[in-house]
Amino acid sequence: MPFSARRDPWGSPPWNISFTPQRHKLPAHVDFAVIGGGFTGLAAATWLRILAPDNSVAVFEAARIGAGASGRTGGMVLAETAAGNQPGLGDVLAGFRAILEKMRVRCDLELSGAWEIARQPSSGQAGHTQSPVAWNDSGILRVVNEVPGGTLDPGKLVTGLARAAQRHGAQIHENHRVQNVSWSATPELHLTTSRGAAQKISAAKILFASNALSLPQSGLADMHPRLTLAVLTRPISEKALAAIGLAERKPFYTVDFPYLWGRVRTDLSIVWGAGLVQSPDADDLERVDITAEDSAAAFDRLENRICHLHPELERIKFARRWGGPILFRDSWKPVFDWHPQSVATGFGGTSRGATGRASNVTSHDVSRNAIVLGAYAGHGVALSSYLGTWAAEVLLGRRKLPQWSALDT
Ligand SMILES: Cc1cc2nc3c(=O)[nH]c(=O)nc-3n(C[C@H](O)[C@H](O)[C@H](O)COP(=O)(O)OP(=O)(O)OC[C@H]3O[C@@H](n4cnc5c(N)ncnc54)[C@H](O)[C@@H]3O)c2cc1C
4 MPFSARRDPW GSPPWNISFT PQRHKLPAHV DFAVIGGGFT GLAAATWLRI
54 LAPDNSVAVF EAARIGAGAS GRTGGMVLAE TAAGNQPGLG DVLAGFRAIL
104 EKMRVRCDLE LSGAWEIARQ PSSGQAGHTQ SPVAWNDSGI LRVVNEVPGG
154 TLDPGKLVTG LARAAQRHGA QIHENHRVQN VSWSATPELH LTTSRGAAQK
204 ISAAKILFAS NALSLPQSGL ADMHPRLTLA VLTRPISEKA LAAIGLAERK
254 PFYTVDFPYL WGRVRTDLSI VWGAGLVQSP DADDLERVDI TAEDSAAAFD
304 RLENRICHLH PELERIKFAR RWGGPILFRD SWKPVFDWHP QSVATGFGGT
354 SRGATGRASN VTSHDVSRNA IVLGAYAGHG VALSSYLGTW AAEVLLGRRK
404 LPQWSALDT
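Yeah, the sequence shown ends on 412 if you go by our numbering, and it's all consecutive.
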């Protein structure tokens, strides 16, 4: 895993995660095992304990909490999914805000809107006649729409969710990687610690919140993860910020290609992102080193592109480079479904065991013992906590899975 190494091969983002979990002896059994200590897993674990305080909950994180996308994200808060609104999804931003309040998470959340920018207004979009932004980028990039959204501090969100999980009684085991699961009515998780020790624990129910990593274990083996890139420019003056059109500090993302997104931080440094790097070796992102030639070239292209957006950016200095894992599928819809190998535990269904789907059930009509949730693409900051709490409710038998997020959708 890159993150336990002295130098982080994915680079370091500019915010801090300030949390050290209490140490716990690994129990032999838990009611709920959550695999992955990012936004999804931490929110789900907290919600499970809030709704069912008599049940034991443990989060297993292969490295440190926030080591995946959550600690490295852009921090732009967006509504809906990357594929737009979905039937029954509800109001993601209102739900996210309510979750943060309930969990007492403070993360500098600002919901003053986000800009969609494009080379030309696409049909049906009025476009801002007075776009504050006019950047040179294979054409002139202008604001074409404003959508609900905003920004937050990702380090504070990871920290706040982890503290909430612990405060509500979930155990967090960092440096515990789930290697595989022996599937049965009470599945057994096989773990290794960072020191190489092998451990086992059984769990009544499991949530896979490992996102773009460990795809064979989470049942997403046919999907292709990427590392997406971000850079931080040094703080600029208010005057320069106004000159480039970002005085309102609205986060922005392109709705056409080549993709580009960004946001201004409180110290007037700017986070920018674009570009995907593939693992040279069988989708194993953990082997990607951002200093290797192809990644370094992708960063050079991104920085060069930013410098040419506007004369005011020509001499801008860059302070950091980092990458983070991202997972998306052709439909751009998140995956939120029963794990393909999970076993029916509840009403009216046929147990499917480890061999796959039974013919007389759909993925939505039985209660089983493991859920996989993730693949939000670049749209997961609010959605991960929102759907993480929803997953907790499904695992507790209080809610159904959505209809639009099945693995085979
Ligand atoms: C650079 C970047 C910028 C982004 N910008 C934005 C943005 O501006 N707005 C937005 O909405 N979204 C953005 N996203 C997407 C968003 O950050 C993610 O969708 C979200 O963080 C996913 O959270 P998660 O908890 O599901 O996954 P992760 O945060 O990836 O967490 C998964 C965790 O599982 C752990 N893990 C993996 N395998 C195992 C195992 N076998 N055992 C135990 N633990 C394991 C990992 O170490 C990791 O900590 C961005 C993503 C990246 C990478």
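Don't be surprised by glycine CBs; every beta carbon is placed ideally from N, CA and C.
Collapsed DSSP secondary structure at residue i in the structure displayed
i	result
Ile20	coil
Ile102	helix
Gln202	strand
Val136	coil
Gln174	strand
Ser366	Note that Ser366 scores a pLDDT of 47, beneath 50, so its modelled location is shaky; the value from the coordinates is reported in the next line. Note: Ser366 maps to coil in three-state DSSP.
Thr43	helix
Gly352	With a pLDDT of 39 at Gly352, under the threshold of 50, the predicted position of this residue should be treated as unreliable, and no value is reported.
Gln25	coil
Lys320	coil
Ala361	Per-residue confidence for Ala361 stands at a pLDDT of 38, beneath the threshold of 50, marking its modelled position as unreliable; the derived number appears in the next sentence. Ala361: coil per DSSP, three-state reduction.
Ala66	coil
Arg308	helix
Gln182	strand
Ile120	strand
Thr412	coil
Trp393	helix
Val161	helix
Pro56	coil
Pro314	helix
Thr49	helix
Ala380	coil
Cβ distance (whole Å) where residue i is taken to contact residue j below 8 Å
i	j	result
Val146	Val161	Not a contact, Cβ separation roughly 30 Å.
Ala301	Leu192	In fact, because the Cβ distance is near 36 Å, the residues do not count as touching under 8 Å.
Ala121	Val258	5 Å
Phe63	Ser388	The Cβ separation is near 19 Å, so there is no contact.
Lys253	Ala86	Their Cβ separation, rounded to whole angstroms, is 23 Å, which puts Lys253 and Ala86 out of contact at 8 Å.
Glu119	Tyr256	7 Å
Leu244	Leu271	6 Å
Ala246	Ala48	Wrong, their Cβ atoms sit about 45 Å apart, outside the cutoff.
Ile20	Gly69	5 Å
Selection from the options that minimises the alpha carbon distance to residue i
i	options	result
Leu312	Pro24, Pro337, Gly265 and Leu54	Gly265
Gln169	Ala277, Ile53 and Val234	Ile53
Leu402	Ser387, Ile374 and Ala378	Checking the sequence shown, residue 402 turns out to be Arg, not Leu. Cα-wise, what sits closest to Arg402 is Ile374.
Glu370	Arg26, Ser345, Asp303 and Pro190	A small fix is needed here, since residue 370 is Ser in this sequence, not Glu. Ranking the options by Cα distance to Ser370, first place goes to Ser345.
Asn148	Trp138, Asp156 and Ser134	Ser134
Asn178	Pro337, Ala395 and Arg26	Arg26
Trp50	Gly87, Pro405, Glu396 and Pro328	Glu396
Val384	Val181, Asp303, Leu218 and Ala82	Ala82
Gly248	Leu288, Leu218, Ala322 and Leu316	Leu316
Lys159	Phe42, Arg324, Arg332 and Val280	Phe42
Leu218	Phe331, Ile239 and Ala167	Phe331
Ala167	Glu104, Asp303 and Gly91	Glu104
Ser282	Ser187, Ile329, Gln406 and Ser334	Ile329
Asp57	Ala409, Leu399, Leu410 and Glu251	Leu399
Ala234	Ser221, Tyr262, Ile273 and Gln220	Contrary to the premise, residue 234 reads as Val rather than Ala in this sequence. When only C-alpha atoms are compared, the closest one is Ile273.
Ala295	Gln220, Asn307 and Val280	Val280
Ser185	His342, Gly278 and Met79	His342
Counted within 10 angstroms of its Cβ, other Cβ atoms place residue i as buried (16 or more) or exposed
i	result
Thr236	buried
Lys28	exposed
Glu241	exposed
Asp340	buried
Ile175	buried
Gly127	Note that Gly127 scores 48 on pLDDT, short of 50, meaning its location in the model is unreliable and no value can be drawn from it.
Ala206	buried
Thr392	buried
Arg109	exposed
Ser115	exposed
Asn139	exposed
Arg229	buried
Arg107	exposed
Arg290	exposed
Ile293	buried
Pro30	exposed
Thr23	exposed
Asn372	buried
Pro90	exposed
Thr269	exposed
Ser298	buried
Gln182	exposed
Gly276	buried
Ala2	Outside the shown range of the chain (4 to 412) lies residue 2, about which nothing can therefore be said.
Inset, instruction - State whether the stretch 196-211 contacts the stretch 71-78, with contact taken as three or more CB pairs (one from each stretch) at a distance under 8 Å. - result: Pairwise C-beta distances place the stretch 196-211 out of contact with the stretch 71-78, as fewer than three of them are shorter than 8 Å.
Legend entry - Touch test, the stretch 375-383 against the stretch 206-213, Cβ-Cβ under 8 Å, three pairs minimum: These segments touch.
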